[in-house]
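Respectively, the protein sequence lines represent chains A and B. Under our numbering, the first residue of the first sequence carries the number 1, and numbering increases by one thereafter. Under our numbering, the first residue of the second sequence carries the number 1001, and numbering increases by one thereafter. Notes follow once the structure below has been shown.
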Amino acid sequence: MSFMGTVGKASELRQMLERVSKTESESERAFGDALDAAFAAKQQRIDFALAVKTAREAAGLSQRKLAKIVGMQQNDLSRLEKFKTNPTSDTQAKLRHALGIRVTYEVTGILASEVAAAAKPKPELQKTA
Amino acid sequence: MGAQFGGDDCTMVEILFADEPSFEAWLHEIGSTKRRILVPTIEYLFQNFDTLSTVRGWSKPVGRLICELRIGPTFKHVLRLIDVNTDEIDKDQRLLIRVFYFKQKADHFVILSAYDKSAEVSRARQRSEIAKALVNYALWTKENEVF
């Protein structure tokens, strides 16, 4: 899968990973995909939060004022800008509309159980006590 | 060599290699699980290096010239970096990877070399790996402009 919504050319590191992973089993690929999705979800949250903060400051809006405009609590907006919450699609839409930002954020719902399931069994890693 | 990644509105980060064939061979050698963990972790750490203080905690200077990414010490530790709830994972798994690099400019990171520290934790091995990274640094700076 692509990383962080990259369209087109994959990074050199990703191309390298593809080259050395040609003989991987389906479960090994599934593990990699689950991890990539988990990283991508966190990255999307960061990118969206940074876009909101940057656009808000560029517009000269305080968190309190923007929160009022979009109908949310200032504390929730503060947490969003610190990557601590997953905004609902409705909140995202309101923020994008209010600030005119283009970054899209999708709640991908990555569960620890998905990563955990994909992570078993992994004999290559030493088990800790 | 290298390519950019990142969304339209994101700062683009480029990862370069001082010795790409050696790094690729090593990536093959460490096996599927470790490389599948390592690659997105490296991307994430470099992409957010200037934004998140938690990310900077994963890097340490090695002398005056180069730094190392300290990936691990366990798989759960990596997952917590991206807020994955690890309560559902019964047993943790050890993971000790060191990636030597230097930041060429704001959005360019050059990977010098890497090694699997869990295979050998000795100081002699560590010194030897740092020496190798410094050789690659010297070769890179000789052939490329460093900002």
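Ideal Cβ positions, reconstructed from N, Cα and C, are used throughout, including at glycine.
Given that residue i touches chain B, what residues does it touch there, using C-beta distances under 7 Å?
i                 : result
GLY189 of chain A : Since the first residue of chain A shown is 1 and the last is 129, residue 189 of chain A is not available in this structure.
Give the interface partners of residue i over in chain B, defined as CB-CB distance under 8 Å, in chain order.
i                : result
LEU66 of chain A : Those within 8 Å of LEU66 of chain A in chain B number zero; the least Cβ separation is about 18 Å.
Going by CA-CA distance only, name the one from the options that's closest to residue i.
i                  : options                                       : result
MET16 of chain A   : B:PRO1040, B:LYS1132 and B:VAL1013            : B:PRO1040
ARG1064 of chain B : B:GLU1143, B:GLU1145 and B:TYR1137            : B:TYR1137
PHE1023 of chain B : B:ALA1124, B:LEU1134, B:TYR1115 and B:ARG1123 : B:TYR1115
THR1074 of chain B : B:ARG1094, B:ARG1098 and B:THR1141            : B:ARG1094
ASP33 of chain A   : B:GLY1031, B:LEU1112 and B:ILE1037            : B:ILE1037
LEU1096 of chain B : B:VAL1078, B:HIS1028, B:LYS1132 and B:PHE1049 : B:VAL1078
ASN86 of chain A   : B:GLU1088, B:ILE1089 and B:ILE1082            : B:ILE1082
VAL1013 of chain B : B:LYS1117, B:PHE1109, B:GLU1129 and B:ILE1089 : B:PHE1109
LYS1132 of chain B : B:ALA1119, B:ILE1111 and B:SER1118            : B:ILE1111
GLU1029 of chain B : A:ASP47, A:VAL20 and A:GLU28                  : A:VAL20
ALA58 of chain A   : A:LYS42, A:GLU12 and A:ALA98                  : A:ALA98
ASP1050 of chain B : B:THR1033, B:LYS1060, B:LEU1027 and B:ASP1107 : B:ASP1107
TRP1058 of chain B : B:ARG1098, B:SER1032 and B:GLU1088            : B:ARG1098
GLN1126 of chain B : B:VAL1062, B:TYR1044 and B:SER1053            : B:VAL1062
ASN1085 of chain B : A:ALA67, A:SER27, A:LYS42 and A:THR91         : A:LYS42
GLN44 of chain A   : A:SER25, A:GLY100 and A:LYS84                 : A:LYS84
Residue range of the alpha helix (DSSP H) that residue i falls in?
i                  : result
ILE69 of chain A   : 63-70
THR91 of chain A   : 89-99
VAL20 of chain A   : 12-20
PHE83 of chain A   : Where PHE83 of chain A is concerned, there is no enclosing alpha helix (DSSP H), given that its DSSP letter is neither H nor E.
GLY32 of chain A   : 26-58
VAL1135 of chain B : 1123-1143
First and last residue of the beta strand (DSSP E) that includes residue i?
i                  : result
ILE1015 of chain B : 1013-1017
Run down chain A in chain order and give the residues with a C-beta less than 8 Å from the C-beta of residue i.
i                  : result
PRO1061 of chain B : Chain A residues near PRO1061 of chain B: none, gap ~23 Å exceeds 8 Å.
GLU1024 of chain B : MET16, ARG19 and VAL20
GLN1104 of chain B : What GLN1104 of chain B touches in chain A: nothing, since even the nearest Cβ is about 14 Å away.
TYR1115 of chain B : Correct list: empty, because the minimum Cβ distance to chain A is about 15 Å.
Name the chain B residues that come within less than 9 Å of residue i, Cβ to Cβ?
i                : result
GLU26 of chain A : Result: empty, since nearest Cβ-Cβ is about 11 Å, beyond 9 Å.
ALA38 of chain A : PRO1040, LEU1079, ILE1082, ASP1083 and VAL1084
Chain A partners of residue i, CB-CB under 9 Å?
i                  : result
LEU1069 of chain B : Within chain A, no residue comes near LEU1069 of chain B; the closest Cβ sits about 13 Å away, beyond 9 Å.
LEU1112 of chain B : Within 9 Å Cβ-Cβ: nothing; LEU1112 of chain B doesn't reach chain A, min ~14 Å.
Along chain A, which residues have their Cβ under 7 Å away from the Cβ of residue i?
i                  : result
ASP1083 of chain B : LYS42
ASN1048 of chain B : ILE46
Discussion item. Taking 8 Å as the cut-off, does the stretch 1089-1107 of chain B touch the stretch 1010-1021 of chain B (at least 3 CB pairs, one atom from each stretch)?
Written reply: yes
Item to complete: Give, in chain order, every unbroken run of the beta strand (DSSP E) that is at least 3 residues long and sits entirely within the stretch 1028-1109 of chain B.
Response: 1059-1062, 1066-1071 and 1097-1105
Worksheet item: Okay, do the stretch 62-76 of chain A and the stretch 1061-1075 of chain B touch, 3+ Cβ pairs below 8 Å being the bar?
Response: no
Worksheet item: Are there three or more Cβ pairs, one per stretch, closer than 8 Å when the stretch 69-81 of chain A is compared with the stretch 44-55 of chain A?
Response: yes
Item to complete: Flag this pair as touching only if the stretch 67-74 of chain A and the stretch 29-39 of chain A have three or more C-beta atom pairs under 8 Å; answer yes or no.
Response: no
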